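Line by line, the protein sequences are chains Y and G. So for the first sequence, our numbering puts the first residue at 902; every next one is plus one. So for the second sequence, our numbering puts the first residue at 155; every next one is plus one. Ideal placement from N, C-alpha and C gives every residue a C-beta, glycine not left out. Just so you know, these numbers come straight off a predicted model, no measurement behind them.
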Amino acid sequence: MITLKGLTKRFSGEARPAVDLLSLEVAQGETCVLIGPSGCGKTTTMRMVNRMIEPDGGAIEVAGRDVTHADAIELRRSIGYVIQQIGLFPHMTIAENIATVPRLLGWEAPRIAARIDELLELVAMDASAYRDRYPRELSGGQRQRIGVARALAADPPVMLMDEPFGAIDPITRGRLQQEFLRIQRRLRKTIIFVTHDIDEAIRMGDRIAILRAGRLVQYDTPEAILARPADAFVDEFVGSDRVLKRLSLLAAGPYADVGRDLRTTASIAAGASLRDALTLLLVDGAEALAVIDDGGRRVGTLSLEHIRAVIRLHEAERRAPEQTR
Amino acid sequence: MLVEAWMYLAGHPAQFARALGVHVALSVVALSLAAAIAVPAGMYLAHRHGGALAAINAANVGRTLPSLAVLAIAMPLLGTGFLPSLVALTLIALPPVLINTIIGVREIEPDVIDAARGMGMSSREVLRRIELPLAVPVIFAGLRTGAVQVVSGAVLASFIGGGGLGDFITSGIAMMALPLILVGAIPVTLLSIGADALFGALQRHLTPRGLR
């Protein structure tokens, strides 16, 4: 859906290119997270896709169309755009903010009004209560929801999101991330998502592109990046708690032991992560957890020993990456 | 003395009405011209980095020139009468409007402009839908300052034959007639206060609700 080929950008007065021969592909309906230390070129790369920054070399294709020569205004109207500071228009109501792109596209008023209500509902805000409010009357989390709703207004197939949850307190951020995942499961947009938070990248990304000094270091699924970091830089960037991060990607259900019937004092949902299971085991001091499926049936048990076995497997895999690939 | 001033006024209603008319016309036209020049120029200059700074500095220098000096300069260049007075008063009103327009546009959060452009607004759409409405409160503060300066500055138009309420003051001074001075001075003071109140109200009224 989005293809970057040998993308290069050099800002005048800087020794090395901000983005250096970067190539990657984002499949339709996938979220590609661009991550790396500051100055790695992640935001520059994202901003070249809607031509907020003009590349010096290389090609960008969106839905098979070379956009480097497309009309920039028309291109931007077809791509959702969310930035960290949101940039809601303070002099416009929430409804007017959301209506921005549909108005630019010349939609009829009744269609716009219906779309505003639909989007407010999508981002879990009461349309009748918030439609006519102004941005400064909203909390940071609510503003960010409106930012997402505004970007989705004209139903663009592609979204660009630059640290959309970056300026929000951790609790609200977690909730917004969950909500956005729910929305994305329904809408299946093709998303380029910039962040500097590796936990966010692991949670939000179908694939993660790790950038360093304008170059792509590794581009893979969160699971693969945690399991097989391409080099020492990625390993360090991912962090020493990658063991826990990897556990957070695995659902407890498939690891439940159906054979032995251990004595359990606590239970966990099959859809919860192994990391949650580990936390519960440690906090609760339980010998084992009963794993419960959606229907409330007990599918098996999970003990500290089981989780340790999963970690041992992961570590063995890391030490011998060639054989497991 | 006030009674004497009132009696003079009552005795010369046509003369007073003409002077008041000229005074108001000078002020309104000068301020309108200044707005017509300074608002678009400020909008344009706000987007040029060096240009904005140079313009603000130039305007600040212009601001320190006494109104009388501007009028005095206008006389040898443009002669005497209504038109030179009008040009001089326009020049007096330009700096505050220009400075405030530039500042009003430049103080807008960069993220707001980035979001507008990123969603596909053209430069013109950004200007009309975002920058102008957001800069309106600051622009009107500039117009308010300009209006007061023009109304009081127009008194001096009398020196170069521009007419207006200043005529009463200048002849009053020449004839040492205090009541005559008041016939000019009191209405000018009221006009200034009125202009200030009017633009204050306009500023409040035109400030978008979301910013209030």
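Item, Value
"Using a Cβ cut-off of 7 Å, pull out every chain Y residue sitting near S346(G), in sequence order please.", "Result: empty, since nearest Cβ-Cβ is about 31 Å, beyond 7 Å."
"Does any CB atom of chain G fall closer than 7 Å to the CB of V1002(Y)?", "yes"
"Looking only at C-alpha atoms, which of S312(G), A308(G) and R260(G) sits nearest to E285(G)?", "R260(G)"
"Determine, using beta-carbon pairs with one atom in the stretch 923–939 of chain Y and one in the stretch 1076–1091 of chain Y, whether at least three such pairs fall under 8 Å.", "yes"
"DSSP three-state call for D1185(Y): helix, strand or coil?", "helix"
"To the nearest angstrom, how far is it from the Cα of K910(Y) to the Cα of R271(G)?", "20 Å"
"Per DSSP, which residues does S1168(Y) bridge with? Please list them.", "A1191(Y)"
"Grab the span of the alpha helix (DSSP H) containing A159(G) for me, first residue to last.", "L156 to G165"
"Compare the C-beta of D321(G) with all C-beta atoms of chain Y and state if any pair is closer than 7 Å.", "no"
"Cα separation between Y1176(Y) and R1034(Y)?", "It is Arg, not Tyr, that sits at residue 1176(Y) in the sequence shown. About 41 Å."
"Beta carbon of G196(G), beta carbon of I246(G): below 7 Å?", "no"
"For M949(Y), is the beta carbon positioned less than 6 Å from some heavy atom of the ligand SAH?", "For the structure depicted, the ligand SAH is absent and the ligand set is empty, with no information on it obtainable."
"With a cut-off of 8 Å, do at least 3 Cβ pairs link the stretch 314–321 of chain G to the stretch 221–236 of chain G?", "yes"
"Distance check for G965(Y) and E1101(Y), CA to CA, integer angstroms please.", "29 Å"
"Give the single residue among L1039(Y), T1166(Y), I1208(Y) and G1067(Y) whose Cα lies nearest to the Cα of Q867(Y).", "With chain Y covering 902 to 1226 only, the question about residue 867(Y) has no answer from this structure."
"Would you mind stating whether L365(G) and H992(Y) have Cβ atoms separated by less than 7 Å?", "yes"
"Could you round the C-beta distance between I267(G) and V280(G) to whole angstroms and report it? I think they count as a contact, below 8 Å.", "6 Å"
"Is it right to say Q1224(Y) is buried, meaning 16 or more other beta carbons lie within 10 angstroms of its own, or is it exposed?", "Because the pLDDT at Q1224(Y) is just 48, under 50, the model does not fix this residue reliably, and the point stays unresolved."
"Taking L1205(Y) as the reference, which of F912(Y), L1148(Y) and G1197(Y) has the closest Cα?", "L1148(Y)"
"Could you check the C-alpha separation between V1002(Y) and A1014(Y) for me, to the nearest Å?", "13 Å"
"Less than 7 Å between CB atoms is the rule here; does G988(Y) satisfy it with respect to chain G?", "yes"
"Would you verify that the beta carbon of L288(G) is, or is not, closer than 7 Å to some beta carbon of chain A?", "In the displayed structure, chain A is absent; the protein chains listed are Y and G."
"Between which two residues does the beta strand (DSSP E) harbouring S924(Y) extend?", "V920 to V927"
"Under 7 Å between the Cβ atoms of H177(G) and L319(G)?", "yes"
"Starting from the C-beta of N951(Y), find all residues in its chain whose C-beta is less than 7 Å away, skip the five residues before and the five after it, and write them out in chain order.", "L976, R977, I980, Y982 and L1061"
"By the 9 Å beta-carbon criterion, what residues does the stretch 267–278 of chain G contribute toward chain Y?", "I267, D268, A269, A270, R271, G272, M273, G274, M275 and S276"
"Rounding to the nearest angstrom, what Cα-Cα distance links A1125(Y) and R1051(Y) in this structure?", "34 Å"
"State buried or exposed for E997(Y), treating a residue as buried only when at least 16 other CB atoms are found within 10 Å of its CB.", "buried"
"Helix, strand or coil, according to DSSP, for I284(G) in the structure here?", "helix"
"What residue does the beta strand (DSSP E) around R1046(Y) start on, and which one ends it?", "First-last for R1046(Y): G1041 to L1053, but that is the alpha helix (DSSP H), not the beta strand (DSSP E)."
"What are the residues in the stretch 354–365 of chain G lying within 7 Å of chain Y by C-beta distance?", "P362, R363, G364 and L365"
"Keeping to the same chain, check which residues put their C-beta closer than 7 Å to that of M1026(Y); ignore five residues upstream and five downstream.", "Q1043 and R1046"
"Return the bridge partner residues of F1094(Y) from the DSSP annotation.", "V934(Y) and M1062(Y)"
"Under the three-state reduction of DSSP, which class applies to A1068(Y): helix, strand or coil?", "coil"
"Taking 8 Å as the threshold, find out whether the stretch 163–180 of chain G comes into contact with the stretch 1183–1195 of chain Y through three or more Cβ pairs.", "no"
"Hey, is I961(Y)'s beta-carbon within less than 7 Å of any beta-carbon in chain G?", "no"
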